[in-house]
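A.B. asks: Please find one structure pasted underneath; my questions will follow.
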Amino acid sequence: MKNYTLILGESPSKGARSPILWNKTYEHLNIDQKMYPKDIIPDDFDNEIVKIFKDKFYLGGAVAVPFKEKIINYTANKNEIISGPKAVNCLVRKEDKLFGYNTDGIATANILDKSVKKDEVEQIIIFGTGGMGKAVISEVSDRYTDAEIFIVNRELDCFFYRNGQLIKTKKRIDKKLNSVLINCSSAGYFNEIEIGKTNKKVLSAHNYFVKSTDKYDILRDCVTKLQSFKNILFVLDVIYQPEKTILLTAADYLGISNQNGLEINLLQAAIGFNIINKEEKLSNILNIMRS
């Protein structure tokens with residue numbers, strides 16, 4: 255049997271890009287292995303993970319929702335993860351142990367670094383406290399130490415990030431500051447495999463931006479909320495299905511610089527591939543995945 259990698263999630267077989275990107279790179283580099291999607295029913299997660307980890311041919315791979323936090327308990331470096339990103343999206347087998355990493359936060363922060371001038375950023379607002387959100391919060395907080403960073407959940411509670419912990423605060427967002435907005439929640443996502451069908455499990459836009467339920471009213475609400483800020487430098491949405499969420503459509507309408515999560519997804523996949531296949535240069539892997 256050959257070595258292989260997996261992307262673990264509830265339904266990665268329905269549109270996950272990692273197998274496409276990784277397998278293209280394996281083929282280009284003449285590496286005789288593949289990545290496969292592994293759909294896991296949440297209630298079966300613990301049993302399935304034990305079986306997968308016991309297979310010596312399994313080298314690791316990617317971890318998707320909703321298991322980015324639950325997987326931590328099965329990693330050899332869980333204390334390091336708990337004190338840092340608090341979520342895992344990449345697994346690597348080393349000396350018969352599996353180590354967890356998070357490339358989501360690194361990729362998102364790298365995109366942000368390229369899109370704004372760090373010394374101009376006074377405030378960063380991150381929406382979402384799930385696995386993706388925790389990784390981004392950790393990495394962005396480490397890099398943008400001079401900016402005020404707020405984290406907002408779906409209940410519209412606000413948090414600061416201090417010493418690896420989310421601390422609830424009554425302090426309000428200052429809309430007069432030069433701001434960056436990052437949506438790390440699933441709000442706005444739909445699976446393009448089901449063409450034209452909105453995923454009913456998620457919101458059309460984060461609750462911070464909307465009051466309505468009608469699509470066009472939601473767009474209007476997003477525009478109104480963005481207009482309430484004096485200067486938004488950049489809006490970043492980790493969602494890439496669809497390519498333009500309602501939030502990004504509103505940013506476009508107002509002429510605000512924005513980007514979806516497609517490049518984040520590409521970069522995190524390249525970084526993950528690079529962690530497992532260390533002999534390859536990251537720049538080379540990115541070029542292959544982009545081709």
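Residue numbers (this note's numbering): 255 to 545. Glycine included, each C-beta is placed from N, C-alpha and C at the ideal position.
1. Looking at the unbroken alpha helix (DSSP H) that takes in K388, where does it start and where does it end?
2. Measuring only the C-alpha atoms, how far is K305 from L473?
3. Count Cβ pairs between the region 473-482 and the region 412-423 that sit closer than 8 Å; are there 3 or more?
4. What do you get for I449, buried or exposed, if any count of 16 or more other CB atoms within 10 angstroms of its CB means buried?
5. Please report how far the alpha carbon of E299 lies from the alpha carbon of D309, in whole angstroms.
6. So, is D350 buried or exposed, given that buried needs 16 or more other C-beta atoms within 10 angstroms?
7. CA-CA distance, G384 and G315?
8. What are the start and end residues of the beta strand (DSSP E) that includes M543?
9. Excluding five sequence neighbours on each side, which residues of the same chain lie with their C-beta closer than 7 Å to the C-beta of N277?
10. Quick one: complete beta strand (DSSP E) runs, 3+ long, within the region 288-344?
11. Helix, strand or coil: which one does DSSP assign to Y494?
12. Using the rule of at least 16 other Cβ atoms within 10 Å of the residue's Cβ for burial, across every protein chain shown, is I518 buried or exposed?
13. Going by other Cβ atoms of all chains shown within 10 Å of its Cβ, with 16 needed for buried, is E393 buried or exposed?
14. In the DSSP assignment, what residue or residues form a beta bridge with N514?
15. Which whole-angstrom value is the C-beta distance of A330 and L345, which I expect to be below 8 Å?
16. Short check: CB of F463 to CB of I427, under 7 Å?
17. Could you tell me the distance, in whole angstroms, from the CA atom of N538 to the CA atom of I391?
18. Could you give the distance in angstroms between the alpha-carbon of E534 and the alpha-carbon of N528?
19. Might you give, ordered along the chain, the residues of its own chain that have their beta carbon closer than 7 Å to the beta carbon of H282, omitting 5 neighbours on each side?
20. Taking its Cβ as the centre, do 16 or more other Cβ atoms sit within 10 Å of I447, making it buried, or is it exposed?
21. Ignore the nearest five residues each way along the sequence and tell me which others in A523's own chain have a CB closer than 6 Å to its CB.
22. Where does K429 fall in DSSP's three states?
23. Quick check on S458: buried or exposed, where buried means 16 or more other Cβ atoms within 10 Å of its Cβ?
24. Just reading off the beta strand (DSSP E) that Y259 is part of, what are its end residues?
C.D. replies: Quick answer:
1. Residue 388 sits at position 134 when you count from the first residue of the sequence shown. It spans 385-397 - the alpha helix (DSSP H) in which K388 sits, taken as one unbroken run.
2. On the sequence shown, residue 305 is found 51 positions in, with the first residue counted as 1. On the sequence shown, residue 473 is found 219 positions in, with the first residue counted as 1. Taking the straight line from one Cα to the other gives about 46 Å.
3. Using a C-beta cut-off of 8 Å, the region 473-482 makes no contact with the region 412-423, since fewer than three inter-stretch Cβ pairs fall below that distance.
4. Numbered from 1 along the sequence shown, position 195 holds the residue referred to as residue 449. Annotation note: pLDDT 41 at I449 (below 50); position unreliable, coordinate value reported separately. That one is exposed.
5. Indexing the sequence shown from 1 puts residue 299 at position 45. Indexing the sequence shown from 1 puts residue 309 at position 55. First, the amino acid is wrong: residue 299 is Phe here, not Glu. Cα to Cα, the separation comes out at about 16 Å.
6. As a position in the sequence shown, residue 350 is number 96, starting the count at 1. That one is exposed.
7. Position 130 of the sequence shown, counted from the first residue, corresponds to residue 384. Position 61 of the sequence shown, counted from the first residue, corresponds to residue 315. Cα-Cα distance, rounded: 20 Å.
8. The residue labelled residue 543 in the question sits at position 289 within the sequence shown. Element bounds for M543: not the beta strand (DSSP E) but the alpha helix (DSSP H), 536-544.
9. To locate residue 277, count along the sequence shown from 1; it is residue 23. Hits under 7 Å: K288, M289.
10. 288-293, 312-317
11. Position 240 of the sequence shown, counted from the first residue, corresponds to residue 494. Taken through DSSP and simplified to helix, strand or coil, Y494 comes out as coil.
12. The count along the sequence shown starts at 1 and reaches residue 518 at position 264. Around the C-beta of I518, 16 or more other C-beta atoms lie within 10 Å, and the residue is accordingly described as buried.
13. Taking the sequence shown and counting its residues from 1, the one referred to as residue 393 is at position 139. The residue is buried, with at least 16 neighbouring Cβ atoms inside 10 Å.
14. The residue you call residue 514 lines up with position 260 of the sequence shown. In DSSP, N514 forms no bridge with anything.
15. In the sequence shown, residue 330 corresponds to position 76, counting from 1. In the sequence shown, residue 345 corresponds to position 91, counting from 1. A330 to L345, Cβ: 10 Å. No contact.
16. By 1-based counting over the sequence shown, the position of residue 463 is 209. By 1-based counting over the sequence shown, the position of residue 427 is 173. It is not a contact, given that the beta carbons lie outside the stated cut-off.
17. The sequence position of residue 538 within the sequence shown is 284, counting from 1. The sequence position of residue 391 within the sequence shown is 137, counting from 1. Near 28 Å, if we compare the C-alpha coordinates of I391 and N538.
18. Along the sequence shown, read from residue 1 onward, the residue named residue 534 stands at position 280. Along the sequence shown, read from residue 1 onward, the residue named residue 528 stands at position 274. Their Cα atoms are separated by approximately 6 Å.
19. For this step, residue 282 is matched to residue 28 along the sequence shown. Here the set comprises I542.
20. In the sequence shown, residue 447 corresponds to position 193, counting from 1. Since pLDDT at I447 reaches only 43, below the 50 mark, its modelled position is unreliable, and no value is offered.
21. On the sequence shown, position 269 is the one that residue 523 refers to. Counting only Cβ-Cβ distances below 6 Å, and skipping sequence neighbours, we find S272, L275.
22. For the purposes of this step, residue 429 is taken as residue 175 along the sequence shown, with counting starting at 1. Three-state result, K429: coil.
23. Taking the sequence shown and counting its residues from 1, one reaches residue 458 at position 204. The residue is buried, with at least 16 neighbouring Cβ atoms inside 10 Å.
24. Here residue 259 refers to the residue found at position 5 when the sequence shown is read from its first residue. One point to set straight first is that residue 259 is Thr, not Tyr, in the sequence displayed. Judged by DSSP secondary structure, T259 falls within the beta strand (DSSP E) whose first and last residues are 258-263.
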